[in-house]
Amino acid sequence: MIKVKLAEDKINKIKEICAFFSNKPGEVINVLHKVQGELGYLPAEVQEVIAKELNMSVATVYGIVTFYSFFTMIPKGEHPISICMGTACYVRGSEKILDEFKRQLNIVVGETTPDGKFSLNCLRCVGACGLAPVVLIGEKVYGRITTDKVKEILAEYN
Amino acid sequence: MAKYKMHLLVCGGTGCSASASAQIVSNLNEELSKQGLNNDVQVILTGCFGFCEKGPIVKVMPDNTFYTEVKPEDAATIVAEHVIKGRKVTRLLYTDPENKERISDSKHMGFYKKQLRIALRNCGFIDPENIDEYVSNEGYAAIAKVLTEMTAEQVIDEVKRSGLRGRGGGGFPTGLKWEIASKNHADQKYVVCNADEGDPGAFMDRSILEGDPHSVIEAMTINGFAIGATKGLIYIRAEYPLAIHRLQVAIGQAREYGLLGKDIFGSGFDFDIELRYGAGAFVCGEETALIHSMEGLRGEPTFKPPFPAQSGYMQKPTNVNNVETYANIPIIILKGADWFSKIGTEKSKGTKVFALAGQINNVGLIEVPMGITLREVIYEIGGGIKNGRAFKAVQTGGPSGGCLTEKHLDTPIDYDNLIAAGSMMGSGGMVVMDDTSCMVSIAKFYLEFTVEESCGKCTPCRIGNKRLSEILDKITKGNGTMADLEALRNLAAVIKDTALCGLGQTSPNPVLSTLDNFGNEYLEHVRDKKCSAGVCKSLMKYVIDAEHCVGCTACARNCPVNAISGEKKMPHVINTELCIKCGACIERCKFNAISIK
Ligand SMILES: Cc1cc2nc3c(=O)[nH]c(=O)nc-3n(C[C@H](O)[C@H](O)[C@H](O)COP(=O)(O)O)c2cc1C
Ligand code: FES
Chain R
0 MIKVKLAEDK INKIKEICAF FSNKPGEVIN VLHKVQGELG YLPAEVQEVI
50 AKELNMSVAT VYGIVTFYSF FTMIPKGEHP ISICMGTACY VRGSEKILDE
100 FKRQLNIVVG ETTPDGKFSL NCLRCVGACG LAPVVLIGEK VYGRITTDKV
150 KEILAEYN
Chain Z
0 MAKYKMHLLV CGGTGCSASA SAQIVSNLNE ELSKQGLNND VQVILTGCFG
50 FCEKGPIVKV MPDNTFYTEV KPEDAATIVA EHVIKGRKVT RLLYTDPENK
100 ERISDSKHMG FYKKQLRIAL RNCGFIDPEN IDEYVSNEGY AAIAKVLTEM
150 TAEQVIDEVK RSGLRGRGGG GFPTGLKWEI ASKNHADQKY VVCNADEGDP
200 GAFMDRSILE GDPHSVIEAM TINGFAIGAT KGLIYIRAEY PLAIHRLQVA
250 IGQAREYGLL GKDIFGSGFD FDIELRYGAG AFVCGEETAL IHSMEGLRGE
300 PTFKPPFPAQ SGYMQKPTNV NNVETYANIP IIILKGADWF SKIGTEKSKG
350 TKVFALAGQI NNVGLIEVPM GITLREVIYE IGGGIKNGRA FKAVQTGGPS
400 GGCLTEKHLD TPIDYDNLIA AGSMMGSGGM VVMDDTSCMV SIAKFYLEFT
450 VEESCGKCTP CRIGNKRLSE ILDKITKGNG TMADLEALRN LAAVIKDTAL
500 CGLGQTSPNP VLSTLDNFGN EYLEHVRDKK CSAGVCKSLM KYVIDAEHCV
550 GCTACARNCP VNAISGEKKM PHVINTELCI KCGACIERCK FNAISIK
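Protein chains in written order, with numbering that gives the first Met the number 0: chain R, 0 to 157; chain Z, 0 to 596.
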């Protein structure tokens, strides 16, 4: 587990977000969405601050963070790559695309490259099934990907 | 839409947006202003037209010209030719795959001929971010009628008589659900719209919210009036940023127009809507789990009863309906239950929206009357199987559904027929597979999904599905035994009987339906250690046929692990020790010289 020391301004930002939601425990999911939007991820130290502000146990907050796949405790890469593994993409060969990304980047799903540039994740349907198989890099959607396009696409970010 | 002479409708659904529809809009606007036509022609970014396969789509009104695969560079031509000279840009028209004729009016395209658009009536026709366009298409007329002419009982009765059943999967009669909620008295009740759309490979609800958000807002208000609730909540996935944005805009506009808030239409009825965001958990689509998630808890389901209609959000009576269910409501109120109940089959009324995907020519969003056959959907609307390959299976109902085969193609689609065939309607995902799909792997794919998404609260689902998925994995690796096939069936039956919520109770369906319909394929994997679809890597070997290989070196150059060797213009060979079976060589070979044994 990565140990993070939170800077004072970050702690204040988290407190501000909690206060925006009136420090209500029922708003914890909204708080987590906002905080992840600010910081990119939700390490243990951040969860501790949130738990304290909302007057909940850290275990409860941790339970929620780990329950929902949208929340992550690992920082994403500068260019997060998400491979669609929805059914439409799967039957059009997304597994091969995933294998190719893994090979090119030399990481497995859920990891970030050592230089922090790319991280690799799977998601289920981005709603562009007509373009299957689909890959998302940051906000950009790449459709009708074939294995030989993978290298080209990665090169765009180098 | 009156003051403009012409409208250019550009699809702004997620698929088309991914292929630059925003750029097309700005290019069109730029061209129009260069020509001084801004006041005569209006460009509108609409919701999904449905024909995602050939996106981005641009439609010209009033002459109904349907341009496909439009690129931002084409904007100038469309303006110069069509707008100014009135000449259609032939090269952008859809080509009929059969007679190769260019079709200009979408009504004549095979894709649209058999469709009937009720829930999607406004998608692709109006600007979803402009409430005036919704209003000018009879929008908010239903709520006006309800609040000024009808009693709550009459509203419920109309919905009951329409025969509308829930489109979120279960198919529970909507009117009956409303009636139950209306009879439970409490100081506060809630109306909840389920926009969690968890079925991977489905995008119906999202398209409705992106293309016609006001219809859902109007329907929820009607629902609120009918059951006596003043608060509405929409639970929407955080993964749908565009739908969220359009809903926020729509709610804001409705409030501004006094269509949400206090004393709507001077009737004394108050109603307002808030958004709640999901965070990526399939089980949160289940209504009790959804309610817990809205309360800020882990989205774990609880035992029913009590049903949400008795004790739901904040322990108050709560009515949960799906997005598509709601989209049907305003038009039922306006056109009447008799009109609606004439469409469909005896026990399934109206239409159903499906997200047609997979190995099919026309991927997209379709709406068809209940009772249409799978064959009509796949071959007439869907245009048949991609690359002329053989049809193998169609999956409906997502992870809770099953795989149907050739013999089911003429079954009329409705709730009960699909269940009888071993699948279910589900929320509307329909994935078509050809002979390159391995059914054991498909079952494994769904089980891996369930294992990942199981909340872990009950043992049959948490452990049982894990075991199912392990056995399937074993079979795909070539280590399966006949006893494993027996074990799959037994375990599946136990999980179905004993799991706590709908997730576990239906999760073995993909396994059972593939065992029933594709039993031979399981046998082939277990007995002959073969996967004829060529998917299970452990069971296959890539070989080059020396007779067909011309030595073009394309495979060797593209092999990522340098497992292929051979002289130029001489047959090549694959070193099976090094081969990682990625399939890159097959994709490259133009001479069909490489096969999987
Ligand atoms: C595991 C599971 C997932 C579900 N996912 C959804 C979903 O994504 N969207 C939805 O509308 N209903 C979903 N449902 C059905 C809901 O529980 C509920 O029946 C539905 O929202 C009721 O609305 P309706 O009567 O209008 O269909 C799901 C049910 C189960 C058991
Ligand atoms: S399944 Fe990949 S975009 Fe829908």
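A virtual CB, placed ideally from N, CA and C, is assigned to each residue, including glycine. Computed from a predicted structure; not experimentally measured.
Taking the Cα of residue 125 of chain Z as reference, the smallest distance to any Cα among Z:6, Z:240, Z:221, Z:91 is reached at Z:6. Its Cα nearest to that of residue 592 of chain Z, the residue Z:551 stands out among Z:556, Z:551, Z:360, Z:475. Distances from the alpha-carbon of residue 474 of chain Z to those of Z:522, Z:216, Z:257 put Z:522 closest. If you check the C-beta of residue 426 of chain Z against ligand 1, you find a heavy atom less than 6 angstroms away.
When Z:274, Z:270, Z:301 are compared, the shortest CA-CA separation from residue 285 of chain Z is found for Z:301.
Taking the beta carbon of residue 405 of chain Z as reference, no residue of chain R falls within 9 angstroms; the closest one sits roughly 17 angstroms away. Counting every other CB atom within 10 Å of its CB across the protein chains shown gives residue 413 of chain Z a total of 16 or more, marking it as buried. DSSP links residue 193 of chain Z through a beta bridge to Z:234, Z:321. Contact between residue 221 of chain Z and residue 145 of chain Z is confirmed by a C-beta separation of about 5 angstroms, below the 8 angstroms threshold.
Within the model, the alpha-carbon separation for residue 23 of chain R versus residue 296 of chain Z is close to 12 angstroms.
For residue 355 of chain Z, the enclosing beta strand (DSSP E) stretches over residues 350 to 357. The closest CA to that of residue 159 of chain Z, considering only Z:346, Z:70, Z:525, is found on Z:346. In this structure, the CA atom of residue 129 of chain R is about 13 angstroms from the CA atom of residue 428 of chain Z. Here residue 113 of chain R has no same chain residue with a Cβ atom under 7 angstroms from its own Cβ, once five neighbours each way along the sequence are excluded. Annotation: the continuous beta strand (DSSP E) that includes residue 271 of chain Z extends over 268 to 277. Taking the Cα of residue 432 of chain Z as reference, the smallest distance to any Cα among R:17, R:52, R:87 is reached at R:87. Against residue 19 of chain R, chain Z offers no close residue; the least beta-carbon distance is about 15 angstroms (beta-carbon pairs closer than 8 angstroms). Residue 305 of chain Z is classed as exposed because its beta carbon has fewer than 16 other beta carbons within 10 Å across all chains shown. Classified as exposed, residue 537 of chain Z has fewer than 16 neighbouring CB atoms from the shown chains inside 10 Å of its CB.
A buried status is given to residue 293 of chain Z, since no fewer than 16 other beta-carbon atoms sit within 10 Å of its beta-carbon. In this structure the stretch 571 to 590 of chain Z lies against the stretch 544 to 561 of chain Z, because at least three pairs of beta carbons, one per stretch, are closer than 8 angstroms. For residue 220 of chain Z, the shortest separation between its Cβ and any heavy atom of ligand 1 does not lie below 6 angstroms. Near chain Z, meaning a CB-to-CB distance below 8 angstroms, the residues of the stretch 69 to 102 of chain R are 69, 70, 84, 85, 86, 87, 88, 89, 90, 91, 95, 98, 99, 102.
Taking the Cβ of residue 88 of chain R as the reference point, at least one heavy atom of ligand 2 falls within a distance shorter than 6 angstroms. Remark: C-beta atoms of residue 45 of chain Z and residue 14 of chain Z do not approach each other more closely than 7 angstroms. In terms of CA proximity to residue 244 of chain Z, Z:273 leads the group Z:273, Z:585, Z:81, Z:369.
Interface flag for residue 124 of chain R against chain Z is set, since a Cβ pair is found closer than 7 angstroms.
The C-beta of residue 414 of chain Z comes no closer than 7 angstroms to any C-beta of chain R. Contacts between residue 578 of chain Z and chain R, judged by CB atoms closer than 8 angstroms, are missing: the closest CB pair is about 13 angstroms apart. Residue 394 of chain Z counts as buried, since no fewer than 16 other beta carbons sit within 10 angstroms of its beta carbon. The beta carbon of residue 39 of chain R sits no closer than 7 angstroms to any beta carbon of chain Z. For the stretch 512 to 540 of chain Z, the set of positions with a beta-carbon nearer than 7 angstroms to some beta-carbon of chain R is empty. For chain Z, the residues of the stretch 33 to 62 of chain R that bring a beta carbon within less than 8 angstroms of one of its beta carbons are 62, in chain order.
Within the model, the alpha-carbon separation for residue 435 of chain Z versus residue 62 of chain R is close to 41 angstroms.
The nearest non-hydrogen atom of ligand 2 is less than 6 angstroms from the C-beta of residue 127 of chain R. With contacts defined by Cβ atoms closer than 7 angstroms, residue 325 of chain Z and residue 154 of chain Z do not form a contacting pair.
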